[in-house]
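Encoded as structure tokens, the structure appears first; notes follow it.
Protein chains in written order, with the working numbering: chain G, 1 to 384; chain Z, 385 to 768.
Structure below.
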């Protein structure tokens, strides 16, 4: 008997992770059934995706009053649905949350409350609201499955293990500016920062990778995904990005997950878990090309975002939400060339210093902290 | 409530693996209870071990007629028992088979027939009689748990995985003579060959590591332990011995197990599985010391034993038994300086060439092939 196809909702279908998710769907047309697609704005690509995957529901951001597209989509059997309703569709087997930044939080929360399996590529939601989301997931038997390559690696290494590990070792490529002097850091342009050495990713996460803020956010994300204290999560720089992360167990044994740096592998694992499917489109690890894997400690002085994230993660409360929101503004200002590369950490730090955190915040308090941080970041940046 | 201690039988208690097994027992005195110890001859050390661990049964090889020791052991409540009976003791929770060479086969078979959990350090038994032992284990619900660091690594990587992997990647240190020229190989002395760069091991396995025969035997061992075709098991040279082996899955994801090169880690894992226990005596992997891990292909021309083992493994029948037995004689002759280093592979190859294999051999036919191979190896060596 044919197995029933997995019904997928993809929030953020035109972004980097969304498009690669559809690559996986394309590779296994009988295995998946796309039932809903949402995007923030790339309507041309969404139109193509709708024609190819024929979802029942779509969502996109358009200028108010423009209803012609909505009508056109409706004529081909495709209804407009708010993103939170998509995330909670009763027929959905898995919800891929690949929208970037703070915009993902409500969707993740809706999916969690609807007891969904959530393939989570939006790390900001978990960083900002980890305590609320993980508690709601436990109550509602929702599963948050990592899509980040590092967290997917940890998840794979934990398979079959009965005990809490001693330590998580997140590997980091170190970004394109590893070894730069303070003076060199000053003059980094958005163009330079967008050229990541190993991974093909969206703009926000590429800049976060260059500042190591991304690794800092990943520490907080790992803290919630695997219920580990921040102090037991360490970072190891590994420029080739072949070992995607490691887990050290009580007896000193370490497990690592390896592969070519290709996001389609962790995306596919989240979508097909606990199965693994042959996919010839994903390049295999060829040891003839990797005669030499390098490792080293991170540089918390050259990359203060890593330190800021660890501190915010340890303090908890609304600090991580403020970290995320301030970073989102800072990266945006950097991309618009209104802030220097080193100014990103500087701005985030100033916002964090001004914040009065709330312990055990509600989702509304987290959103309020997010709003406050964005406003404060813009205010400080405007003054400088 | 206290958990009941695991009752252990250790066959080969005075050898390298046996002594390290007792190190683990010493670290967790409440967790383990040694009920039987067997050794081929180191009576002084056995006497110490008996005093410390107070087993109910002992076994040792002594000149015929010498019964004074037996009486002395009996007075302290320690009875002499044949090794095969020890391996099948009804009260045993786990049987560690750490005798070296062909001598382990009967003990493993007895343990398998008695449905025991067997921590198997004697690879020769599985190489020579893999089909018989694994079939008997299946029928009798016995479990063969690997103690070799490579196979322990693979076993750990397979935990929680639902599907057969695509490929097993056995790592090899490459031995102390990696990169030697043919001329240099000719003049290698036993002393040089006994100085292994990474692992503390017995003499036979240290020489087998230097010729890469050990890696060849491990390929055949992996074939039986993990039910994988020989063609899906590859060797990757990794001189630092930090990655102990890897498994590649259907989706291209690779898992590796890492640790310091210390046999106590895989021994402990086999003894405590599925638990993992904190053991501060086992050194932890310190990434500050490993900034650079190297990998490369093996050299089948410089190390023909690897090729011989793969060929014997693929042909099957009684070839692997002959490979093991001839190698045991060849290594012994090399250690006695009656055969050169390169002569080991030469002698094994000549014996294999003269062998007429039996397909699907019985245990008696395997033993007969073993006996024939030893005789033939000595005969050929005597002629040269």
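In this text, a Cβ means the ideal position worked out from N, Cα and C, and glycines have one as well.
All figures in this text were calculated on a predicted structure; none of them were measured in a lab.
Task: Residue-level contact to chain Z via CB, residue 157/G, 8 angstroms cutoff - done: yes
Open item on the list: Rounded to whole angstroms, what is the Cα-Cα separation between residue 391/G and residue 93/G?
Closed with: For chain G, the structure presents residues 1 to 384; residue 391/G sits outside this window and is missing.
- [ ] With a cut-off of 8 angstroms on the beta carbons, I'd call residue 641/Z and residue 556/Z a contact; round off their distance for me.
- [x] Not really, about 15 angstroms apart at Cβ, beyond 8 angstroms.
Open item on the list: Please classify residue 437/Z as buried or exposed, where buried requires at least 16 other C-beta atoms within 10 Å of its C-beta.
Closed with: buried
Task: Segment limits, alpha helix (DSSP H) that includes residue 576/Z - done: 574-577
Task: When 261/G, 297/G, 291/G, 294/G are compared against residue 283/G, the one with the closest alpha-carbon - done: 261/G
Open item on the list: Quick check: what's the CA-CA separation for residue 380/G versus residue 295/G?
Closed with: 38 angstroms
Open item on the list: According to DSSP, is residue 718/Z part of a helix, a strand, or is it coil?
Closed with: helix
TODO: Please work out which residues of its chain come closer than 6 angstroms, Cβ to Cβ, to residue 326/G, disregarding the five sequence neighbours upstream and downstream, and give them in chain order.
DONE: 348, 351, 373, 377
TODO: Can you give me the start and stop residues for the beta strand (DSSP E) that residue 390/Z sits inside?
DONE: 390-395
Task: residue 460/Z, buried or exposed, once every other Cβ within 10 Å from all chains shown has been counted against 16 - done: exposed
- [ ] Give the straight-line distance between the Cα atoms of residue 253/G and residue 138/G, rounded to the nearest whole angstrom.
- [x] 29 angstroms
- [ ] Work out the CA separation of residue 650/Z and residue 663/Z for me, nearest whole Å.
- [x] 12 angstroms
- [ ] Give the single residue among 405/Z, 699/Z, 397/Z whose Cα lies nearest to the Cα of residue 653/Z.
- [x] 405/Z
Task: Contacting positions in the region 23-44 of chain G - beta carbon closer than 7 angstroms to chain Z - done: none
- [ ] Quick one: grab the DSSP three-state call for residue 42/G.
- [x] coil
- [ ] Could you check what DSSP says for residue 294/G in three-state terms: helix, strand or coil?
- [x] strand
- [ ] Decide yes or no for the touch test of the region 538-549 of chain Z against the region 504-523 of chain Z: beta carbon pairs closer than 8 angstroms, at least 3 of them.
- [x] no
Open item on the list: Relative to the C-alpha of residue 578/Z, which candidate in 592/Z, 505/Z, 528/Z has its C-alpha closest?
Closed with: 592/Z
Task: Same chain, Cβ closer than 6 angstroms to residue 498/Z, five either side skipped, listed in chain order - done: 472
Open item on the list: Between residue 141/G and chain C, is the shortest Cβ-Cβ distance under 8 angstroms, so that the two count as touching?
Closed with: No chain C appears in the structure shown, which is made up of the protein chains G and Z.
Task: Which listed residue (287/G, 190/G, 304/G, 263/G) has its alpha carbon closest to that of residue 339/G - done: 190/G
TODO: Figure out for me which residue from 516/Z, 526/Z, 515/Z has the closest Cα to the Cα of residue 503/Z.
DONE: 526/Z
- [ ] Could you have a look at residue 385/Z and say whether DSSP puts it in helix, strand or coil?
- [x] Since pLDDT at residue 385/Z reaches only 47, below the 50 mark, its modelled position is unreliable, and the value read off the structure follows with that caveat. Coil.
TODO: Would you tell me roughly how many angstroms separate the C-alpha atoms of residue 1/G and residue 24/G, rounded to the nearest one?
DONE: Unreliable placement is indicated for residue 1/G, whose pLDDT of 47 sits below 50; the coordinate value is still reported in the next sentence. So the alpha carbons of these two residues sit roughly 23 angstroms apart.
- [ ] Look at the Cβ atom of residue 588/Z, then the Cβ atom of residue 700/Z, and state whether they are nearer than 8 angstroms.
- [x] no
- [ ] Quick one: measure Cβ to Cβ for residue 212/G and residue 323/G, integer angstroms, because I've assumed they're closer than 8 angstroms.
- [x] 13 angstroms between Cβ atoms; not a contact.
Task: Contact set for residue 411/Z: own chain, Cβ-Cβ below 7 angstroms, skip 5 residues either direction - done: 663, 665
Open item on the list: For residue 390/Z, tell me which candidate among 655/Z, 754/Z, 685/Z, 660/Z has the shortest Cα-Cα distance.
Closed with: 655/Z
Open item on the list: Beta carbons nearer than 8 angstroms to chain Z: which residues of the region 246-275 of chain G have them?
Closed with: 246, 248, 249, 250, 251, 252, 253, 254, 255, 256, 257, 258, 259, 260, 265, 268, 269, 272, 274, 275
Open item on the list: Quick check: residue 222/G and residue 151/G, are their CB atoms within less than 8 angstroms of each other?
Closed with: yes
Open item on the list: Contact criterion: CB-CB distance below 8 angstroms. Does residue 286/G meet it with respect to chain Z?
Closed with: no
Task: For residue 558/Z and residue 216/G, the rounded distance between their alpha carbons - done: 38 angstroms
Task: Host beta strand (DSSP E) of residue 565/Z (start-end) - done: Careful: residue 565/Z lies outside any beta strand (DSSP E) and carries neither H nor E.
Task: Test item: CB-CB of residue 529/Z and residue 509/Z under 8 angstroms - done: no
Open item on the list: Is there a Cβ of chain Z sitting closer than 8 angstroms to that of residue 296/G, yes or no?
Closed with: yes
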